[in-house]
Amino acid sequence: MVSDESETERPSGGTHLAVAAVIAGVVAYSLLQSMLVPVLPALRDKFEVSTPDAAWILTGFLLSSAVSTPMMGRIGDIRGLKRTYLTALYFLTAGAVIAAFASTSAVAIAGRVLQGVGGGVIPLAYGILRAILPSRRLPTMIGVVGGVAGISNAIGTVLAGPILQYLGYAWLFLIPAAFCIVSGILVATVVPTVAPRSEAKINVVAGLLFCAWLSTLLITLGQGSTWGWMSSQVIMATAIAVVTCAIWIAVELRSSSPLIDLRLMVSHQAVAASHAISLLLGFTLFGVFALLPAFLQDAQAGFGLASATVGFYMVALSLGMFTVGFLAGRLIRVLRSRWMVAIGAMAVGLALLALGLWNVSPIAVWCLTLVMGLGFGGCFPAISTVVVMSVDPADTGQAGGVNANLRTIGGAVGTVAVTGLMSVASPMSPAGGFSVGFGVLAVAATAVSFCAVVFLPRRRGGGFDAARNRK
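Quick note on numbering: the sequence shown equals residues 190 to 660 in the numbering used here.
1) Just to confirm the assignment, what range does the alpha helix (DSSP H) spanning L252 have?
2) Based on Cα-Cα distance, which residue from G567, L448, I340 and L481 lies nearest to L557?
3) Would you say V333 and A314 are within 8 Å of each other, going by their C-beta atoms?
4) Determine the burial state of S507: buried for a count of at least 16 other Cβ atoms within 10 Å of its Cβ, exposed for fewer.
5) With C-beta atoms as the reference, is L251 less than 8 Å away from A243?
6) Buried or exposed for A536, please, with buried defined as at least 16 other CB atoms from any protein chain shown within 10 angstroms of its CB.
7) Where G564 and V530 are concerned, what is the direct C-alpha to C-alpha distance, given to the nearest angstrom?
8) If contact is defined by three or more beta carbon pairs under 8 Å, each pair taking one atom from either stretch, is the stretch 444-460 in contact with the stretch 631-640?
9) Given a cut-off of 8 Å on the beta-carbon distance, is the pair S404 and L595 in contact?
10) For L206, does the three-state DSSP call read helix, strand or coil?
11) Please go through the same chain and pick out, in chain order, the residues whose beta-carbon is closer than 6 Å to the beta-carbon of G476, but skip the five residues on each side of it.
12) Ignoring anything shorter than 4 residues or poking outside the stretch 310-342, list the alpha helix (DSSP H) runs there in chain order.
13) Between G300 and I287, how many whole angstroms is the CB-CB distance? I'm expecting something under 8 Å.
14) Hey, is the stretch 546-553 in contact with the stretch 510-523, meaning 3+ C-beta pairs nearer than 8 Å?
15) Can you give me the C-alpha to C-alpha distance between F399 and P323, rounded to a whole angstrom?
16) Going by C-alpha to C-alpha distance, which of V432, V379, S573 and A426 sits closest to H205?
17) Is the stretch 404-422 touching the stretch 258-267, taking contact as three or more C-beta pairs under 8 Å?
18) With a Cβ-Cβ cutoff of 8 Å, do A459 and V643 count as a contact?
Laid out in structure tokens, this is it:
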């Protein structure tokens with residue numbers, strides 16, 4: 190096999206500038222992902238709509254991102270990573286500008302849906318990094334991307350309120366749009382053109398079916414508590430999602446040019462295990478996002494903190510992820526990916542267990558949240574490294590996209606599961622409801638640790654083994 194480096198022209202501006210160009214796009218996406226969460230009540234008042242209607246400004250982005258991420262990754266494999274990355278930036282920029290000057294919630298939602306299409310920047314970034322960097326530097330840069338995404342999410346969450354108050358609503362979108370423009374200019378000029386590594390055609394039918402079943406599933410999970418879990422709407426939507434998913438699987442398996450190569454996703458133990466782990470990590474991480482703020486704000490079971498103070502605790506989570514993310518490359522070389530994931534997930538599980546079992550102080554909660562951040566910060570770059578290094582370069586985009594997509598699906602399930610358990614357990618005992626929630630998340634984190642030790646590669650470094658993957 191020809192090495193990645195020999196197939197890629199070197200950028201005149203240097204590899205470091207090319208990496209910075211790609212990371213700027215990741216910053217833009219992460220800011221757009223996080224900045225609107227803490228200011229949702231203000232958006233509801235601005236557009237004079239109900240809270241459920243305002244929530245679609247967030248939901249539209251998440252749905253679009255979940256559907257488009259693996260598709261954009263696959264398109265990058267077929268049409269070229271650089272070209273597709275620029276296309277993703279165009280969607281992010283156009284959506285940000287539309288949302289910035291929206292006069293109604295419907296226009297803002299439309300802009301957010303366009304922004305979600307740009308969610309492919311994450312797997313595309315991994316593909317570009319694999320193409321322009323030597324293998325020994327790839328784990329480090331994957332960790333940097335994860336760290337930058339984590340700290341950008343934290344910054345977006347903390348600064349959203351001040352930006353809205355002092356600069357105005359439009360700047361919530363114009364600041365990320367500026368990062369998109371800078372990234373686009375740099376990517377166009379200094380990132381090398383990586384030739385498409387797959388000769389497959391884009392399967393439009395499979396793409397439409399994929400959009401249909403995944404959108405239906407995520408909408409059902411998001412609206413289930415409103416509709417009622419045993420309501421006719423939920424039953425009908427679930428049936429539609431299951432049937433459409435079954436048809437999509439049949440189409441993909443019979444296609445000579447599948448949109449997502451399902452055989453690839455399950456035939457290689459490292460890839461299949463990484464996808465299962467990402468599903469569980471998404472379940473745990475988004476469960477923490479749903480449970481921890483509610484616990485901190487609850488006057489009986491928690492501390493009755495204000496929303497602004499809760500943000501201080503959530504920053505600890507991002508700070509931990511950022512710190513380990515920048516050290517991930519060195520840690521992976523020393524510990525190997527499987528132990529990075531196992532140790533990180535076990536740290537998350539123990540921290541959650543402590544929150545569920547003991548009546549800890551506010552400072553102890555902050556420290557435990559930091560520990561969770563450190564644990565997640567070790568897991569995500571290690572898993573991404575396993576996926577990227579275990580597949581043929583022609584499949585990097587789709588493999589990374591599916592991995593990110595499964596994290597989103599796991600997150601949707603985790604959010605629903607945790608809030609559902611709390612609603613059942615908390616009427617008699619609010620503290621008991623939170624304990625059950627933390628316990629369930631601790632079990633999920635422990636399952637991640639177990640899967641990592643048993644199923645992830647034991648060898649140091651890893652790397653794509655063409656002969657093995659063709660079997």
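Yeah, the Cβ is synthetic: ideal placement off N, Cα and C, and Gly gets one too.
A quick look at the data gives this:
1) T240 to R268
2) L481
3) no
4) buried
5) no
6) buried
7) 8 Å
8) no
9) no
10) helix
11) G603, V607 and L630
12) 310-321
13) 4 Å
14) no
15) 34 Å
16) V379
17) no
18) no
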